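Asker: Supplied in structure tokens, the structure appears directly below.
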Amino acid sequence: MANDSDENKPTSTAAMTEDDLLLQDQQLKQIEDEQKASPLVGDKLPFYALAGLYDPVSAITFFTKANELAAIYSDIRFIRGDGNCFYRAVLVGIVEILMKDRERLIKFIDTGREWMAKLVKLGFPDWTCSDFCEFFIEFLEKIRDGKYTEAEVFQNLNDDGTANYLLMYFRLITSGFLKDNCEEYAPFIAEGMTLQQYCETEIEAMWKEADHLSIMALVRATGIRLRIQYMDRSEAPNGGYQHDLPDEADNVTPDITLLYRPGHYDLIYRNLVAQ
Amino acid sequence: MSATRRLQKELGDLKNCGVKAYENVECEETNLLKWTVLLLPDKEPYNKGAFKVGITFPVDYPFKPPKVAFETKIYHPNVDEEGKFCLPIVTAENWKPATKTEQVMMALLSLINEPEPNHPIRADVAEEFQKDHKKFMKTAEEHTRKHSEKRPE
Numbered sequence: 413m414a415n416d417s418d419e420n421k422p423t424s425t426a427a428m429t430e431d432d433l434l435l436q437d438q439q440l441k442q443i444e445d446e447q448k449a450s451p452l453v454g455d456k457l458p459f460y461a462l463a464g465l466y467d468p469v470s471a472i473t474f475f476t477k478a479n480e481l482a483a484i485y486s487d488i489r490f491i492r493g494d495g496n497c498f499y500r501a502v503l504v505g506i507v508e509i510l511m512k513d514r515e516r517l518i519k520f521i522d523t524g525r526e527w528m529a530k531l532v533k534l535g536f537p538d539w540t541c542s543d544f545c546e547f548f549i550e551f552l553e554k555i556r557d558g559k560y561t562e563a564e565v566f567q568n569l570n571d572d573g574t575a576n577y578l579l580m581y582f583r584l585i586t587s588g589f590l591k592d593n594c595e596e597y598a599p600f601i602a603e604g605m606t607l608q609q610y611c612e613t614e615i616e617a618m619w620k621e622a623d624h625l626s627i628m629a630l631v632r633a634t635g636i637r638l639r640i641q642y643m644d645r646s647e648a649p650n651g652g653y654q655h656d657l658p659d660e661a662d663n664v665t666p667d668i669t670l671l672y673r674p675g676h677y678d679l680i681y682r683n684l685v686a687q
Numbered sequence: 002m003s004a005t006r007r008l009q010k011e012l013g014d015l016k017n018c019g020v021k022a023y024e025n026v027e028c029e030e031t032n033l034l035k036w037t038v039l040l041l042p043d044k045e046p047y048n049k050g051a052f053k054v055g056i057t058f059p060v061d062y063p064f065k066p067p068k069v070a071f072e073t074k075i076y077h078p079n080v081d082e083e084g085k086f087c088l089p090i091v092t093a094e095n096w097k098p099a100t101k102t103e104q105v106m107m108a109l110l111s112l113i114n115e116p117e118p119n120h121p122i123r124a125d126v127a128e129e130f131q132k133d134h135k136k137f138m139k140t141a142e143e144h145t146r147k148h149s150e151k152r153p154e
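Taken in sequence, the protein lines are chains A and B. Reading the first sequence from the start, the letters are residues 413 to 687 in our numbering. Reading the second sequence from the start, the letters are residues 2 to 154 in our numbering.
Here you go:
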């Protein structure tokens, strides 16, 4: 449960003085203001916009790679870097698919209901979690019933309150998937932490970045095929420029492709003409 | 404001939950973001009084945690003279949007009932708690009698 004994124990924060806390607050506020200068979800831009971010001299590796990728990818959607970028990129990618694929949309709504029941069974705080699920399901139902234009859908995805409600659904099912498959995934948790603690501190909390384990969990919980495109080889778990999930061998066209730059994910789109 | 939907539900939930540990859950007439709750600890030396707790929710609740502080004075190793305390469940670091105010109140109640003298906010009170427990109990009981609110019948 969320209110287990660990959380009731004061931590080292107790040792911080009022001034420390005030300073910390101010710093956090400043970081937040900087983040808020860019939209949660950017408009679709030509992929060349990426190369424009890098100096051809001082950042030659990324500049070159960005230009190479422009031959394969036609568009990019920048996602705000607030620690939620992976979940947000997947949220936007999935909503885009569901707007075009009615059958999948209906299935996704059903899956949402199944998850809502499952989360409660797994011991998540009952109605707060259901509230996030219901909100997400209602959002999809409005798309299904034609109550939103595409522009309105993106307005919602760019409104902090609404978008973060939708995003929480993805965090919750990521955590729910791991808790439901605890035996399989517990060995991957760093020492000194239980899977339960990992889920609560790294996934169920907002603004915490996703790592490989949570990425795999969300992919499997949603049943999407995801490709992550890396800017350099050192970052990919398989040592290549691309990583396909859930299954590397499964060489089908992915539903969603994300571009990974150190510490950040954006949503990218394949150039359909070139294929 | 996304906070409204959630807070209305939570307020009703907390008012009707039937838990004896807290009562008189109220919110300001014109401001759903400001609540007060009367906390009723069930362990000595605090079980003779009631303690008013103020809860302030941020506009972007539930994505940011509420700020919680005592409005009634309480003599406790983990609560400072202004009523502030450190409760990990509501720190920015640990906050989870699915956490209910009810869970926050339960965590606070547990801290009040079981002081944590090893992580004190008031070192002098913590020292007294550990080294001269009898004196601590006496002072805290007197303090409760003098400053706390009346427990509802």
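Even for Gly, the Cβ is constructed at its ideal location relative to N, Cα and C. In this text the structure is predicted, and so the values were computed from the model without any measurement.
Got a sec, what are the start and stop residues for the alpha helix (DSSP H) T102 (chain B) sits in?
Answerer: 102 to 114
Asker: Using beta-carbon positions only, say whether K693 (chain A) and M643 (chain A) come within less than 8 Å of one another.
Answerer: Since the displayed chain A opens at 413 and closes at 687, residue 693 (chain A) lies outside it and no answer follows.
Asker: Can you name the residues of chain A whose CB is closer than 7 Å to the CB of D43 (chain B)?
Answerer: What D43 (chain B) touches in chain A: nothing, since even the nearest Cβ is about 16 Å away.
Asker: In the DSSP output, which residue or residues are listed as bridge partners for Q654 (chain A)?
Answerer: Note: Q654 (chain A) sits in a beta bridge opposite A:Q641.
Asker: Who are the Cβ neighbours of A414 (chain A) in its own chain at under 6 Å, not counting the five residues just before and after it?
Answerer: In this prediction, A414 (chain A) scores a pLDDT of 39, lower than 50, which makes its location untrustworthy; the coordinate-derived value is nonetheless stated afterwards. Closer than 6 Å at the Cβ level, and outside the excluded window around A414 (chain A), lie P537.
Asker: Could you list which residues in chain A have their beta carbon closer than 9 Å to that of D61 (chain B), in chain order?
Answerer: Around D61 (chain B), the beta-carbon contacts reaching into chain A at under 9 Å are D572, G573, N576.
Asker: Reducing DSSP to helix, strand and coil, say where K36 (chain B) ends up.
Answerer: It is Trp, not Lys, that sits at residue 36 (chain B) in the sequence shown. The answer is strand: DSSP assigns W36 (chain B) an E or B state.
Asker: Mark I506 (chain A) as exposed unless 16 or more other C-beta atoms lie within 10 angstroms of its C-beta, in which case mark it buried.
Answerer: buried
Asker: Within the same chain, show all residues whose beta-carbon is closer than 8 Å to that of Q104 (chain B), passing over the 5 residues directly before and after it, in chain order.
Answerer: I90
Asker: For D678 (chain A), write down the residues that DSSP places opposite it in a beta bridge.
Answerer: DSSP output for D678 (chain A) lists A:L671 as bridge partner(s).
Asker: For the segment 112 to 119 of chain B and the segment 43 to 53 of chain B, state whether three or more C-beta atom pairs, one from each stretch, are separated by less than 8 Å.
Answerer: By the Cβ criterion, the segment 112 to 119 of chain B is in contact with the segment 43 to 53 of chain B, since at least three pairs of Cβ atoms, one from each stretch, lie closer than 8 Å.
Asker: Three or more beta-carbon pairs under 8 Å between the segment 651 to 658 of chain A and the segment 634 to 641 of chain A, yes or no?
Answerer: yes
Asker: Taking the alpha-carbon of N576 (chain A) as reference, which of B:K151, B:W36, B:E30, B:Y62 has the nearest alpha-carbon?
Answerer: That would be B:Y62, whose Cα lies nearest to the Cα of N576 (chain A).
Asker: Which one of B:F58, B:T92, B:K16, B:T100 has the shortest CA to CA distance from N32 (chain B)?
Answerer: B:F58
Asker: Short check: CB of I555 (chain A) to CB of M511 (chain A), under 8 Å?
Answerer: Yes, Cβ-Cβ distance for I555 (chain A) and M511 (chain A) is below 8 Å.
Asker: Would you mind listing the beta strand (DSSP E) stretches within the segment 23 to 105 of chain B that are 3+ residues and don't spill past its ends, in chain order?
Answerer: 23 to 29, 32 to 40, 52 to 57, 68 to 71
Asker: So E612 (chain A) contacts chain B; which residues on that side make the cut at Cβ distance below 7 Å?
Answerer: K97
Asker: Are the segment 612 to 621 of chain A and the segment 488 to 505 of chain A touching, with three or more C-beta to C-beta distances below 8 Å?
Answerer: The answer is yes - the segment 488 to 505 of chain A touches the segment 612 to 621 of chain A, with three or more Cβ pairs under 8 Å.
Asker: According to a CB-to-CB cut-off of less than 8 Å, which residues of the segment 528 to 544 of chain A neighbour chain B?
Answerer: F536, P537, W539, T540, C541, D543, F544
Asker: Opposite E150 (chain B) in the DSSP bridges: which residues?
Answerer: B:A51
Asker: Going along the segment 433 to 466 of chain A in order, which residues come within less than 9 Å of chain B, judged by CB to CB distance?
Answerer: So the close ones are Q436, D437, L440.
Asker: Can you confirm whether the segment 82 to 98 of chain B touches the segment 131 to 146 of chain B when touching is taken to mean that 3 or more C-beta pairs between the two stretches lie within less than 8 Å?
Answerer: no
Asker: For a contact defined as C-beta to C-beta under 8 Å, what are the partners of F71 (chain B) on chain A?
Answerer: Per Cβ cutoff of 8 Å: no residues; F71 (chain B) is ~15 Å from chain A at best.
Asker: Please check the pair I521 (chain A) and D667 (chain A), which I expect to be a contact at CB under 8 Å, by giving their CB distance rounded to whole angstroms.
Answerer: Incorrect: roughly 17 Å between the Cβ atoms, too far for contact.
Asker: At least one CB of chain B closer than 8 Å to the CB of W616 (chain A): is that the case?
Answerer: According to the sequence as given, residue 616 (chain A) is Glu; it is not Trp. Yes - at least one Cβ of chain B is within 8 Å of the one on E616 (chain A).
Asker: With a 10 Å radius around its C-beta and 16 neighbouring C-beta atoms as the bar for buried, classify E603 (chain A) as buried or exposed.
Answerer: exposed
Asker: Please determine, among B:N79, B:D14, B:I56, B:A22, the residue with the shortest C-alpha to C-alpha distance to N119 (chain B).
Answerer: B:N79
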